[in-house]
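Protein chains in written order, with our numbering: chain A, 626 to 1064; chain P, 291 to 677.
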Amino acid sequence: MKWLWDRRLRADPAPSSGRAEGERPQQPGRRGLMLGLASGALSVGMPGSSQATPAGELAPGDDGTQDFQPFHGSHQAGVITPQPAAALIVSFDVLAADRADLERLFRTLTDRIAFLMKGGDAPTRDRKFPPPDSGVLGPIVFPDNLTVTVAVGASLFDDRYGLAKVRPSQLVAMEAFPNDELEASLRHGDLALQFCSNTAETNIHALRDILKHTPDLLAPRWKIDGFLPPHTIKKLGKETVRNLLGFKDGTANLDASDEELMDEIVWVRPGSGEPEWTHGGSYQVIRVIRMFVERWDRTALAEQQTIIGREKASGAPLTLANERDEPDYPADPKGERIPLTAHIRLANPRKRETQANRILRRGYNYSRGLSSAGQLDMGLLFMCFQSDLSAGFLTVQARLNNEPLEEYIKPVGGGYFFVLPGVPSGESFLGEGLLRAVG
Amino acid sequence: MSKARIAARSLSRLGKIAALCLPSVIITSQVLGQANAAPVAPGAILITLTDAGCQPGSVSAPEGKTTFQIKNESKRAVEWEILKGVMVVDERENILPGFAQTLTTTLDAGDYQMTCGLLSNPKGILTVAATDAAVAKPSAMELVGPLAEYKLYVKGEVGSLVELTRKLTDAVKADKLADAQLAYAPAHLRYERIEPIAELFNDLDGSMDSREDDFDKKADDPKFLGFHRIEKGIFADKSTAGLAPIADKLMADALDLQKRIDDLAIPPKELVGGAADLIEEVASKKITGEEDRYSRTDLWDFQANLDGARKIVALLDPLIKKQDPTLDARLHENFVKVDALLGKYKAGNGGFESYEKLTDKDRTALKAPITVLAEDLSTLKGTLGVE
């Protein structure tokens, strides 16, 4: 992966915080271990961890299926929303015949996503007809923490819908970087949907619902599933997720609960020189980064750690004691402690002038089949958000080009998209600002 | 498809056998003469047969699927029938004294009679009411015309299939490679037009229209026969060597198919459901160009599936229009859209350009009308009340 994801999973006073403990009352040893971790987290100043619900106080049956994220708001959900365990990315060709059809698409997406994120009775029809709902979640659709985030690609701004003059200024088709081999069947798209929820089935249900409602408007172009370990998610930021190279990934990610920081780094704002309709939106980078895991597993631990710049077991930067210890790069100008080409050092040099290059990462692991050579096809579904693509991802990627890690990774797909601003109320719809901007 | 259908048939047969066996099984486990303890099925209409007749003697049901539970409290084994005039609509035979059986059947709105034990007993009255104020579903009678016309169409197509397959196989056996190549697509498309009917004959479908992916050893598998095996020989290998026995088998299969179709009474659901089957073929296979991978004549078959679906829609058009004019209009609109896109690739010989000429843009554009057709045609059976 080009850089290690991921946002530190924040402590969060959601009911799920106590669930992991509550589910295992028969395992006091494990609970004790987890409480130990919680106090460890407190010692590094994790906010909110003191609100963890004691074991046994949760209502039985609280299995997370009723967790939900609000649909309405000035920003879409799914960007700074804490990451649930399952993700599904689908990129589409938009089939809408004209701009009126495009509006129908955006209105349909708005209606379906608002319903799916809230839940309710699955639509039914006389049994002689195919059922309008796939039934994957049963007769009552539950929210299961679902977010569906709609983003548009550069190709939507071609000559079909007359949107060229309001294209976000930095939205272009992803060009291949030196180590990239972007497959035609896994790149770009007019529109991307990012589904995130507690379970893969909920994402699939949502996708099938949307496809059922948009037969003449959307054709899937490529798709990929992602996952994170549910046990780590349940620890709510006390632990960093490991990627499929076995390294902790996301230790230094931004705190998505810091609104001011998100306004600065993630959301497009007035004064940015971007078209007015984009305010409240964000540039989304999606990269499918295959990892050559067999080869990685045949690489000496010392070399793995040199390439990444962290201890594999603890996640601590090399020569430091703890995962969250700050490396002192000015005191190590020759890279004797952490090599100059180490992934973490290139990705985040921790200089004042590189503060503007920060991005909010939202990565997932992925695993597909096998390569044609019979090797495992798995890696990182890298995603990040930023208000300025050039200052954000493009700058960081430029620093990472030719890093030693490239021998073990190969970006094979992805694209740049622009996350539409949110829908503040029931009268509005996704993309309304974009369409109104062209009359 | 055909395999599933056969499985479904044998399952329902098993179900019948099980239903017939049920009373005797119960006899062994219960005191003879005691009433069957089977609970009344939820929503079922309960009818008790006594020595004097049906109790109640008159029942009503909504149109559609209804379950009857028939309990025999008379002294002899009886059969229970639903009659429409002299026609037996459905029946349960050999209900032993003291036992009950259920019958689930689909009834159109109208007046029916029930037999009630002894022939001398008065017949019961069964009234089936239309469920809503919407236009009544077309009756089975209204499908008789379209079914007869469709049978003629299928016979016409299979006649052409025989004729054109002969042309193909003769050319193959005479080692006339160019003639064989020209004869391939026109012959195969006849099969594609009537695919839902042809696929009813699982064995023939396997030997006539399999693809190399269906076999362990792919194209080298000796079981790989039929159109696509010949297609591979004459387009990919560019040789007729070794194809003569395969040509003979294909010709024999085509004649066999013709004969079997002659004898076939096409069930309504094959007619009405066939349009959706054909479009699903297009959506899942033709659009990807995997059907005719050696000859690249996929667009011929694309058109053929479409023609087959359109023929069915045309035959049912008055009925669809009566039930759902919006659906009818949208079906036509989307057929026209597909025609316009496919029309760009028509070639002079009545056929089409190579699949490779199909641009990504047009392939993507085709997905809109094809997917809408697939969605709409999937509602056709429901719209016309055919199960």
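Built from N, CA and C at the ideal position, the CB exists for glycine as well.
Expected contact under 8 Å - CB spacing of residue i and residue j to nearest Å
| i | j | result |
| --- | --- | --- |
| N823 (chain A) | P709 (chain A) | 5 Å |
| H830 (chain A) | L879 (chain A) | H830 (chain A) to L879 (chain A), Cβ: 31 Å. No contact. |
| L458 (chain P) | A468 (chain P) | Going by Cβ atoms, the distance from L458 (chain P) to A468 (chain P) rounds to 12 Å, so no, they are not a contact pair. |
| M799 (chain A) | G1040 (chain A) | 5 Å |
| K627 (chain P) | D618 (chain P) | That pair is no contact at about 15 Å. |
| F1042 (chain A) | G778 (chain A) | 5 Å |
| G1038 (chain A) | L811 (chain A) | 3 Å |
| A477 (chain P) | W590 (chain P) | Actually they are not in contact, since the Cβ atoms of A477 (chain P) and W590 (chain P) sit about 10 Å apart, beyond 8 Å. |
Whether residue i touches residue j by CB criterion (8 Å)
| i | j | result |
| --- | --- | --- |
| E371 (chain P) | N384 (chain P) | no |
| C1055 (chain A) | T706 (chain A) | Here residue 1055 (chain A) turns out to be Leu, not Cys, going by the sequence shown. No, these two residues do not count as a Cβ contact at 8 Å. |
| F505 (chain P) | D499 (chain P) | no |
| N990 (chain A) | G851 (chain A) | yes |
| A789 (chain A) | F782 (chain A) | yes |
| K576 (chain P) | A844 (chain A) | no |
Cutoff 8 Å: residue i Cβ touching any chain A Cβ
| i | result |
| --- | --- |
| E570 (chain P) | no |
| T649 (chain P) | no |
| S574 (chain P) | no |
| V452 (chain P) | no |
| S668 (chain P) | yes |
| V626 (chain P) | no |
| G496 (chain P) | no |
| K657 (chain P) | yes |
| E665 (chain P) | yes |
| T661 (chain P) | yes |
| G640 (chain P) | no |
| T616 (chain P) | no |
| E677 (chain P) | yes |
| T356 (chain P) | no |
| T654 (chain P) | yes |
is_contact[residue i, chain P] using C-beta, thresh 8 Å
| i | result |
| --- | --- |
| A844 (chain A) | yes |
| D883 (chain A) | no |
| K848 (chain A) | no |
| D758 (chain A) | no |
| F754 (chain A) | yes |
| D692 (chain A) | no |
| G654 (chain A) | At G654 (chain A) the pLDDT is 31, less than 50, meaning the model places this residue with poor confidence and gives no usable figure here. |
| D834 (chain A) | no |
| S997 (chain A) | no |
| S642 (chain A) | Caution applies to S642 (chain A), whose pLDDT of 33 falls short of 50 and renders its modelled position unreliable; the model cannot decide the point. |
| L1060 (chain A) | no |
| D723 (chain A) | no |
| G661 (chain A) | Note that G661 (chain A) has pLDDT 32, beneath the 50 cutoff, so the model's placement of it is unreliable and the number below is only indicative. No, G661 (chain A) lies away from the interface with chain P (no Cβ there is under 8 Å from its Cβ). |
| L853 (chain A) | no |
| P840 (chain A) | yes |
Option in the options with minimal Cα separation from residue i
| i | options | result |
| --- | --- | --- |
| N595 (chain P) | P:I337, P:I487, P:G388 | P:I487 |
| G934 (chain A) | A:P958, A:T966, A:T857 | A:T966 |
| G728 (chain P) | P:N362, P:M377, P:V378, P:F389 | The question about residue 728 (chain P) has no answer, for chain P in this structure spans 291 to 677. |
| T405 (chain P) | P:G435, P:K427, P:G347 | P:G347 |
| D538 (chain P) | P:A477, P:K601, P:G672, P:T455 | P:T455 |
| G446 (chain P) | P:V462, P:Y481, P:D460 | P:Y481 |
| V719 (chain A) | P:D543, P:K651, P:E665 | P:K651 |
| E560 (chain P) | P:S429, P:C344, P:L433 | P:L433 |
| Y954 (chain A) | A:E936, A:A946, A:R923, A:R975 | A:R975 |
| P1036 (chain A) | A:P1046, A:V1044, A:Q1022, A:G1047 | A:Q1022 |
| Y786 (chain A) | A:L796, A:E728, A:P840 | A:E728 |
| Q691 (chain A) | A:M1003, A:T827, A:L1019, A:D1002 | A:T827 |
| T578 (chain P) | P:R653, P:L336, P:D341 | P:R653 |
| V797 (chain A) | A:G994, A:L1019, A:V918, A:G875 | A:L1019 |
| V1048 (chain A) | A:R962, A:L1001, A:T903 | A:T903 |
Under 8 Å by beta carbon: chain C residues contacting residue i
| i | result |
| --- | --- |
| D751 (chain A) | This model lacks chain C altogether, as its protein chains are A and P. |
Taking 8 Å as the threshold, find out whether the stretch 447-459 of chain P comes into contact with the stretch 563-571 of chain P through three or more Cβ pairs. Per the Cβ contact rule, the stretch 447-459 of chain P is not in contact with the stretch 563-571 of chain P (fewer than 3 Cβ pairs under 8 Å).
How do the stretch 1023-1032 of chain A and the stretch 798-816 of chain A stand: do at least 3 beta-carbon pairs fall below 8 Å, yes or no? Put simply, the stretch 1023-1032 of chain A touches the stretch 798-816 of chain A. At least three CB pairs are less than 8 Å apart.
Looking at C-beta atoms only, is the number of pairs between the stretch 763-774 of chain A and the stretch 737-748 of chain A that lie closer than 8 Å three or more? In short, these stretches touch, since the Cβ pair count reaches three.
Should the stretch 575-585 of chain P be regarded as contacting the stretch 521-528 of chain P, the criterion being three or more beta carbon pairs within less than 8 Å? Touching, yes.
Would you say the stretch 876-891 of chain A touches the stretch 984-1000 of chain A, given that touching needs at least three Cβ pairs under 8 Å? At 8 Å Cβ cutoff, the stretches touch.
Three-pair Cβ contact test at 8 Å for the stretch 385-402 of chain P versus the stretch 352-361 of chain P: Yes, since at least three Cβ pairs between the stretch 385-402 of chain P and the stretch 352-361 of chain P fall closer than 8 Å, the two stretches touch.
Count Cβ pairs between the stretch 854-869 of chain A and the stretch 975-982 of chain A that sit closer than 8 Å; are there 3 or more? As far as the Cβ criterion goes, the stretch 854-869 of chain A does not touch the stretch 975-982 of chain A, which means the pair count is below three.
Okay, do the stretch 435-445 of chain P and the stretch 373-382 of chain P touch, 3+ Cβ pairs below 8 Å being the bar? Flag = no, the stretch 435-445 of chain P and the stretch 373-382 of chain P do not touch.
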